[in-house]
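**Student:**
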Amino acid sequence: MTKSAPAPEAEQMSPFSLRVLLDLLLVRAAPHLTQKELTWLERNVSEFAGTLAMQLEDLTEGIGCLVAADADSGSFQDSDDLPRLMFFLSNQVSLLNGLRLVSDMATHLHSRVASR
């Protein structure tokens with residue numbers, strides 16, 4: 001059985017984000033993934049991230065149009081509305097970056113295992 005590296009102390013870890021979470025989980029799981037699982041990750045994560053990126057692009061364009069046409073009708077009148085939206089969008093981008101890292105690592109591990 002392969003022994004995985006010890007988890008870093010909480011004080012040494014990066015601030016929490018979806019990207020950091022995915023990176024941590026993949027680093028811990030990587031030594032235990034089978035060739036079949038690596039192939040599955042390699043194929044599906046990239047496709048999912050691409051779909052999510054297209055959805056995020058459409059959403060942000062729609063929000064931009066809404067805000068531009070909003071004037072004083074009320075969609076972003078509350079001082080909490082815009083920061084809440086921006087934090088949500090930031091989390092989506094963090095997730096996309098995390099998925100990209102998972103896909104890249106799966107591709108790297110898959111090619112390394114295949115070359116043995």
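Take the sequence shown: its position 6, counted from the start at 1, is 6 in the UniProt record's numbering, and no numbers get skipped.
Backbone N, C-alpha and C fix where the C-beta goes; we use that ideal spot for every residue, glycine too.
In this text the structure is predicted, and so the values were computed from the model without any measurement.
Check each candidate in D81, N91, R43, H32 and name the one with the smallest Cα separation from P15.
**Tutor:** As a first step, residue 15 is located in the sequence shown; it is residue number 15 there, counting from the start. Comparing Cα positions, the closest option is N91.
**Student:** Only counting the same chain, and skipping five residues up and downstream in sequence, which positions put a Cβ closer than 8 Å to that of L101?
**Tutor:** By one-based count along the sequence shown, residue 101 stands at place 101. Cβ within range, chain order: R19, L22, D23, L26.
**Student:** So L41 is in the alpha helix (DSSP H); what residue range does that whole segment cover?
**Tutor:** Here residue 41 corresponds to residue number 41 of the sequence shown, with the count starting at 1. From DSSP, the alpha helix (DSSP H) with L41 extends over 35-70.
**Student:** Just the Cα atoms here: how many angstroms apart are residue 138 and L96?
**Tutor:** No information on residue 138 is available, as it lies outside the stretch 1 to 116 that the chain covers here.
**Student:** Is Q12 helix, strand or coil when you go by DSSP?
**Tutor:** Stepping through the sequence shown from its first residue, residue 12 is reached at position 12. DSSP places Q12 in helix when its eight states are reduced to three.
**Student:** Cα-Cα, which of L89, G50, C65 is closest to S103?
**Tutor:** In the sequence shown, the residue the question calls residue 103 occupies position 103. When each option's Cα is compared against that of S103, the closest is G50.
**Student:** Are the CB atoms of F48 and L99 nearer to each other than 8 Å?
**Tutor:** For the purposes of this step, residue 48 is identified with residue 48 of the sequence shown, where counting begins at 1. For the purposes of this step, residue 99 is identified with residue 99 of the sequence shown, where counting begins at 1. Contact flag set, yes.
**Student:** Indicate the three-state DSSP secondary structure (helix, strand or coil) for R84 in the structure shown.
**Tutor:** What you label residue 84 is simply residue 84 of the sequence shown in a count that begins at 1. Helix, per DSSP.
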